[in-house]
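A.B. asks:
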Amino acid sequence: MGIRSFIQRKVKQRMAPEKPIQASKTKPVDTRPIPSAKDAQGFTAVLRVSDLMLGKGRTIAIEGAPIAVFHINDGFFAIDDACTHEDAPLGDGEVRGATVVCPYHDWIFDIKTGACETEPERPIGCFSTKVFDDFVWVGPRTSESTVDRGGDHADGLTTSEHAS
Ligand code: FES
1 MGIRSFIQRK VKQRMAPEKP IQASKTKPVD TRPIPSAKDA QGFTAVLRVS
51 DLMLGKGRTI AIEGAPIAVF HINDGFFAID DACTHEDAPL GDGEVRGATV
101 VCPYHDWIFD IKTGACETEP ERPIGCFSTK VFDDFVWVGP RTSESTVDRG
151 GDHADGLTTS EHAS
């Protein structure tokens with residue numbers, strides 16, 4: 001490299017506009033307290049949006065009632081936490097797309113509609129949800145779970161056969 005090209009490069013570097021300072025790529029952690037009062041529409045804040053990763057579920061309680069909240073590609077959804085087979089906590093289930101697989105015997109429920117893919121006559125109840133102010137809110141019930149319980153397991157045995 002000749003002296004002329006060295007000087008030209010140095011001059012170019014000095015003339016170049018300063019690089020803008022990069023904003024931090026990580027969002028600050030949201031530590032705000034979760035509002036404790038229901039809003040005017042009867043929704044209860046249950047989580048910060050940042051508390052529940054995409055593809056995960058969690059069991060929360062509203063006035064003592066366990067509710068499973070899920071974060072899927074289409075947003076946040078809430079269903080009754082008790083599986084309509086034998087009451088397993090669906091908030092602990094594996095999320096597959098828009099469905100959750102029960103952690104006990106693998107019945108599959110549609111997180112958005114409550115439909116049970118394994119036993120269609122055993123849907124799970126659903127609740128309205130919304131995101132506001134970076135909180136996930138659960139509102140009034142939109143459907144009921146069936147009250148029936150028991151039935152076939154994936155291994156072919158029924159609830160009573162397992163109990164004996
Ligand atoms: S308790 Fe859910 S499938 Fe058995």
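The C-terminal residue of the sequence shown carries number 164 in the working numbering, and the numbering is unbroken. Glycine included, each C-beta is placed from N, C-alpha and C at the ideal position.
1. Would you kindly check if the distance between the Cβ of residue 46 and the Cβ of residue 136 is under 9 Å?
2. Tell me which residues pass a beta-carbon proximity test against the ligand FES: closer than 7 Å to any heavy atom, given in chain order.
3. So, at 8 Å on beta carbons, what are the nonlocal neighbours of residue 99 in its own chain, with the 5 sequence-adjacent residues on each side left out?
4. Assuming residue 125 contacts residue 114 (C-beta within less than 8 Å), just tell me the rounded distance between them.
5. For a quick check, are the C-beta atoms of residue 49 and residue 58 less than 9 Å apart?
6. Rounding to the nearest angstrom, what Cα-Cα distance links residue 151 and residue 82 in this structure?
7. In the DSSP output, what is residue 57 paired with across the bridge?
8. Taking the continuous beta strand (DSSP E) assigned at residue 29, which residues delimit it?
9. Tell me the DSSP secondary structure of residue 95 in three-state form.
10. Determine whether the beta carbon atoms of residue 101 and residue 93 lie at a separation below 9 Å.
11. Compute the beta-carbon to beta-carbon distance between residue 75 and residue 131, rounded to the nearest angstrom, for a pair I have assumed lies under 8 Å.
12. Taking a contact to mean a Cβ-Cβ separation below 9 Å, would you say residue 84 touches residue 145 in this structure?
C.D. replies: Inspection of the coordinates gives the following:
1. Within the sequence shown, the letter at position 136 stands for residue 136. Within the sequence shown, the letter at position 46 stands for residue 46. A contact, by the Cβ cut-off of 9 Å.
2. This selection yields 83, 85, 86, 87, 88, 102, 104, 105, 106, 107, 153.
3. Locating residue 99 in the sequence shown gives position 99, counting from the first residue. Once the five neighbours on either side are set aside, the close Cβ partners of residue 99 are 108, 109, 110, 111, 117.
4. As a working mapping, residue 125 is identified with position 125 in the sequence shown. As a working mapping, residue 114 is identified with position 114 in the sequence shown. Taking the Cβ atoms as the reference, residue 125 lies roughly 6 Å from residue 114, within the contact range of under 8 Å.
5. Sequence index remark: in the sequence shown, residue 49 carries index 49 (1-based). Sequence index remark: in the sequence shown, residue 58 carries index 58 (1-based). Contact annotation: residue 49 and residue 58 have beta-carbon atoms that are not nearer than 9 Å.
6. For the purposes of this step, residue 151 is taken as the residue at position 151 of the sequence shown. For the purposes of this step, residue 82 is taken as the residue at position 82 of the sequence shown. For residue 151 and residue 82, the distance between alpha carbons rounds to 15 Å.
7. Sequence index remark: in the sequence shown, residue 57 carries index 57 (1-based). Looking at the DSSP assignment, residue 57 forms a beta bridge with 70.
8. Position 29 of the sequence shown, counted from the first residue, corresponds to residue 29. For residue 29, there is no enclosing beta strand (DSSP E), since its DSSP letter is neither H nor E.
9. Sequence index remark: in the sequence shown, residue 95 carries index 95 (1-based). Residue 95 carries a strand assignment under DSSP once its states are collapsed to helix, strand and coil.
10. Position 101 of the sequence shown, counted from the start, is the residue given in the question as residue 101. Position 93 of the sequence shown, counted from the start, is the residue given in the question as residue 93. Yes, these two residues count as a Cβ contact at 9 Å.
11. Taking the first residue of the sequence shown as position 1, residue 75 is located at position 75. Taking the first residue of the sequence shown as position 1, residue 131 is located at position 131. Residue 75 to residue 131, Cβ: 7 Å. Contact.
12. Here residue 84 refers to the residue found at position 84 of the sequence shown. Here residue 145 refers to the residue found at position 145 of the sequence shown. With contacts defined as CB atoms closer than 9 Å, residue 84 and residue 145 qualify as a contacting pair.
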